[in-house]
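**Student:** Residue 20 in our numbering is what sits at position 18 of the sequence shown, and the numbering runs on without skipping anything. The structure is given below, and queries will be raised subsequently.
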Amino acid sequence: MDGAKKKSDDFIHIGNILCEVLNTFRLDPDLELTSIFSLWDDVVGEAVAKNARPAGFKGKILLVHVGSSVWIQELQYYRKDMIRKLNETLGKELVADIIFKIGPV
Numbered sequence: 003m004d005g006a007k008k009k010s011d012d013f014i015h016i017g018n019i020l021c022e023v024l025n026t027f028r029l030d031p032d033l034e035l036t037s038i039f040s041l042w043d044d045v046v047g048e049a050v051a052k053n054a055r056p057a058g059f060k061g062k063i064l065l066v067h068v069g070s071s072v073w074i075q076e077l078q079y080y081r082k083d084m085i086r087k088l089n090e091t092l093g094k095e096l097v098a099d100i101i102f103k104i105g106p107v
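Set out below in structure tokens:
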């Protein structure tokens, strides 16, 4: 029985393995993109910030959670302008597109 217990001590949690693997492939722009969370309110303004929040990234695509379908429709009109303002504030073209999705704000 001691042999079985010792064997289980050799296991490594899959989360630790995945974290290590992902960190080896992370690029510096990922770190820069995370600054969007702190500058979002200033870039998009108070009204949008109350109804839309950045949620994550897939490459250069920013996923934004929005409170309602009405806000999604409204933000579609300003998408290109938002991308331009975000990139100007970041000092680089890190956001190529924005996808709006209903989610927690």
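Backbone N, C-alpha and C fix where the C-beta goes; we use that ideal spot for every residue, glycine too.
For the alpha helix (DSSP H) containing K52, list its first residue and its last residue.
**Tutor:** Mapped onto the sequence shown, residue 52 falls at position 50. Element bounds for K52: 48-53.
**Student:** Across which residues does DSSP place G58 in a beta bridge pair?
**Tutor:** In the sequence shown, residue 58 corresponds to position 56, counting from 1. Answer is L65, bridged to G58.
**Student:** In three-state terms, what does DSSP make of I14?
**Tutor:** Taking the sequence shown and counting its residues from 1, the one referred to as residue 14 is at position 12. DSSP places I14 in coil when its eight states are reduced to three.
**Student:** For I38, which residues of its own chain have a beta-carbon under 6 Å away from its beta-carbon, when the five flanking residues on both sides are left out?
**Tutor:** Translated into the one-based positions of the sequence shown, residue 38 becomes position 36. Closer than 6 Å at the Cβ level, and outside the excluded window around I38, lie P56.
**Student:** On a CA-only basis, which of D12, V50, P106 is nearest F80? Give me that one, please.
**Tutor:** Here residue 80 corresponds to residue number 78 of the sequence shown, with the count starting at 1. The sequence given here has Tyr at residue 80, not Phe. Considering only alpha carbons, the answer is V50.
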